[in-house]
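Be aware that the sequence shown starts at 0, since it is given in numbering that gives the first Met the number 0, and climbs by one per residue.
Think of the CB as a built atom: it goes at the ideal place given N, C-alpha and C, for glycine as much as any other residue.
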Amino acid sequence: MITRFSVAMTTSVALRLTEHLRRADGQEDCTFVLWRPSTGSHRTTALIADLVLPGDDDRIVHGTVDFTSEYFLRTAGIAAEHGCGLGLIHAHPGGRGWQRLNDVDHAAEASFAAQTITLTGLPLVGMTFAGVDARYGARVWQRTEPRTYRPTEAENVRVVGDRFTVTFNDSLVPPPKSTDRQVRTISAWGQDAQNDLARLRVGVVGTGSVGMLIVEALARTGLQHLSLFDFDTVEYVNLDRLLHATERDVRLHRAKVDVATRAARRATTAADMRVARHELSVVEPDGFAAAADCDLLISCVDRPWPRAALNLLAYAHLIPVVDGGISVNARGGRLRGAEWRAHVAASGRACLECLGQYDPAHVSVERDGLLDDPAYIKGLPSDHPLRRKENVFIFSASAAAAQLNQFLTMVTAPSGIADTGAHLYHLTTATIDQRVDGCETDCPYDGMLRALGDNTPFTVTGRHLAAEKARADRARARRRWPLRVERAIDRLVSQFL
Ligand SMILES: [Zn+2]
Ligand SMILES: [Zn+2]
Numbered sequence: 000m001i002t003r004f005s006v007a008m009t010t011s012v013a014l015r016l017t018e019h020l021r022r023a024d025g026q027e028d029c030t031f032v033l034w035r036p037s038t039g040s041h042r043t044t045a046l047i048a049d050l051v052l053p054g055d056d057d058r059i060v061h062g063t064v065d066f067t068s069e070y071f072l073r074t075a076g077i078a079a080e081h082g083c084g085l086g087l088i089h090a091h092p093g094g095r096g097w098q099r100l101n102d103v104d105h106a107a108e109a110s111f112a113a114q115t116i117t118l119t120g121l122p123l124v125g126m127t128f129a130g131v132d133a134r135y136g137a138r139v140w141q142r143t144e145p146r147t148y149r150p151t152e153a154e155n156v157r158v159v160g161d162r163f164t165v166t167f168n169d170s171l172v173p174p175p176k177s178t179d180r181q182v183r184t185i186s187a188w189g190q191d192a193q194n195d196l197a198r199l200r201v202g203v204v205g206t207g208s209v210g211m212l213i214v215e216a217l218a219r220t221g222l223q224h225l226s227l228f229d230f231d232t233v234e235y236v237n238l239d240r241l242l243h244a245t246e247r248d249v250r251l252h253r254a255k256v257d258v259a260t261r262a263a264r265r266a267t268t269a270a271d272m273r274v275a276r277h278e279l280s281v282v283e284p285d286g287f288a289a290a291a292d293c294d295l296l297i298s299c300v301d302r303p304w305p306r307a308a309l310n311l312l313a314y315a316h317l318i319p320v321v322d323g324g325i326s327v328n329a330r331g332g333r334l335r336g337a338e339w340r341a342h343v344a345a346s347g348r349a350c351l352e353c354l355g356q357y358d359p360a361h362v363s364v365e366r367d368g369l370l371d372d373p374a375y376i377k378g379l380p381s382d383h384p385l386r387r388k389e390n391v392f393i394f395s396a397s398a399a400a401a402q403l404n405q406f407l408t409m410v411t412a413p414s415g416i417a418d419t420g421a422h423l424y425h426l427t428t429a430t431i432d433q434r435v436d437g438c439e440t441d442c443p444y445d446g447m448l449r450a451l452g453d454n455t456p457f458t459v460t461g462r463h464l465a466a467e468k469a470r471a472d473r474a475r476a477r478r479r480w481p482l483r484v485e486r487a488i489d490r491l492v493s494q495f496l
């Protein structure tokens, strides 16, 4: 049973829908679509994979629209053949914003909800298109008791590509209460952009030096739902780069994700903010599922395996991933240069593999645990990308800022521009390289894997021994007596901060 529901599609699918549903004569029209499920830990998303447009004999347009049973049966057959579900989208030509289900549409969709699940094995998705601003409303029809089907309203409908356009269902996800703490923020981009930003579920994957800065910025901006992912423990070597981390955090073996959660709660300007903290890697099955609950992900990891998992979430699950990275050239113990990158992995844009952000050959090396094996790392050449560890706070701040700008540009499209390409910044020349093309032609991510969701034919998740060890080490440390006392005092003190 789906309790939390959402719909996502690429910009190119959305454009084809708009072209079909906005009729020159102003009449209502409709079309069936194929969808595949993307199952998160709490939310299920219907990924619109394709349209099955009606022929002239398939529907009767007479002010309102009706389709023939031949059209329904033919499309249900195509859906079943491709392992897809069936959705029906009809237009409200004069509509604007989220479209609620009215009585006429309720009766129409209810009349074939049972047949749809029988023929395809998946529940009917009903959608309404608002003709004025090309927004949507959506619901999924599930059986609540024998022969009774009821609609579960979607929380939002997401269109992912150059721009990230999310239509929220105001009754399930109401606009945020404004607070006097956001006056300057709202004067910069307006209440509408703030309503969109604040309601996004953003996941920050990796709350190390870059991720912690991003969490700070998102909390200050007033985002209401943050999901934070990190399995690591704060150590002394992190203190020169990890905002908010203290020596006490090191002594208490605090998880980085707990420092990030504490920081977000102190920094938030939202009247009501929820943080979901996950002491998990995104490559662990529970971590991957929790990431699939997010509307957008910000990648602050530097390993190939999590990057491969995030790449899959970006294209197969249509969750845009704002990724970045830092590379410092310190040959001979002197700073010779530094570079940092920021880009968005989303359909229509180059994926992390095509951008060279990870080498797929290294994913299996990491899965085998070799990247946490000192002997293996020692055997690599000193300038090998898997070996280089140099980084400083100043470059982390630069990378974090570049990623935040990519995020903001994609969501708010200043001056109508949402996609400024992938950026590579050079410290020594003060220049930026921009890449604006998409994936290589034979790349599977923005190709055969696009919108496959749960039907993806391989598994990217698995056991992550380093994450398991980090959690076990923390649990063991917390059981020791002096730490138990100090942690108790810490909890007490933190209540008054
Ligand atoms: Zn209608
Ligand atoms: Zn690619």
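Distances from the alpha-carbon of Val321 to those of Thr164, Val204, Ala79 put Val204 closest.
A distance of 9 angstroms or more separates the beta carbons of Leu100 and Val32.
Not one heavy atom of ligand 1 is found less than 8 angstroms from the C-beta of His19. Nearest to Leu354 by alpha-carbon distance, out of Gly323, Gly39, Val165, Asp367, is Gly323.
At a cut-off of 8 angstroms, the beta-carbon of Glu27 counts as near ligand 1: some heavy atom of the ligand is closer than that. With a cut-off of 8 angstroms on Cβ pairs, the stretch 432 to 444 is in contact with the stretch 413 to 423, counting three or more such pairs. DSSP places Tyr148 within a strand segment (E or B) once states are collapsed to three. In the three-state scheme derived from DSSP, where H, G and I count as helix and E and B as strand, His105 is classed as helix.
Membership of His383 in any beta strand (DSSP E) is not indicated, and neither H nor E is assigned to it by DSSP. Counting the other CB atoms within 10 Å of its CB gives Phe406 a total of 16 or more, which places it among the buried residues. Boundaries for Phe4: no alpha helix (DSSP H) harbours it, while the beta strand (DSSP E) harbouring it runs 3 to 9, taken from the DSSP string. One thing to note: Leu385 has its Cβ no nearer than 9 angstroms to the Cβ of Pro319. For Tyr444, the secondary structure class from DSSP, reduced to helix, strand or coil, is coil. In this structure, DSSP gives Arg134 an extended state, which the three-state scheme calls strand. Cβ-Cβ distances below 7 angstroms link Trp188 to Thr411 in the same chain, with the five nearest sequence neighbours on each side left out; the list follows chain order.
Restricting attention to Thr30, Thr43, Arg42, Ala113, the CA atom closest to the CA of Val64 is found in Thr30. With a cut-off of 8 angstroms, the C-beta of Glu352 is classified as near ligand 2, since at least one heavy atom of the ligand falls inside that distance. The criterion of a C-beta distance shorter than 9 angstroms is satisfied by Asn390 and Val327.
Short of 6 angstroms from the beta carbon of Val60, and not among the five residues preceding or following it, lie these beta carbons of its own chain, in chain order: Gln26. For the pair Ala291 and Thr44, the CB atoms are nearer than the 9 angstroms cut-off. Val327 is bridged by DSSP to Ala337.
Cβ neighbours of Arg261 within its own chain (closer than 8 angstroms, five residues either side excluded): His243, Ser493. At least one heavy atom of ligand 2 lies less than 8 angstroms from the C-beta of Ala349. The beta carbon of Ala399 lies closer than 6 angstroms to those of Val209, Leu212, Ile213 in the same chain, with the five residues before and after it left out.
9 angstroms or more divides the Cβ of Leu46 from the Cβ of Phe163.
Taking 8 angstroms as the upper bound for CB-CB distance, Val233 and Asp248 are in contact here, some 4 angstroms apart. Per the coordinates, the alpha-carbon of Leu491 lies some 10 angstroms from the alpha-carbon of Glu485. Contact between Ala129 and His91 is confirmed by a C-beta separation of about 6 angstroms, below the 8 angstroms threshold. A direct Cα-Cα distance of roughly 12 angstroms separates Thr143 from Ala112. His252 sits buried, since 16 or more C-beta atoms from the chains shown fall within 10 Å of its C-beta.
For Pro36, the three-state secondary structure derived from DSSP is strand.
In the three-state DSSP reduction, Ala254 falls in the strand class (E or B). Residue Gln114 holds the alpha-carbon nearest to the alpha-carbon of Thr147 among Asp169, Gln114, Arg134. Taking the Cβ atoms as the reference, Val300 lies roughly 14 angstroms from Thr460, outside the contact range of under 8 angstroms. Judged by the Cβ position, Tyr357 fails to qualify as a neighbour of ligand 2 at the 8 angstroms threshold, every heavy atom of the ligand being at least this far.
Annotation: Ala417 to Arg348 spans about 12 angstroms, alpha carbon to alpha carbon.
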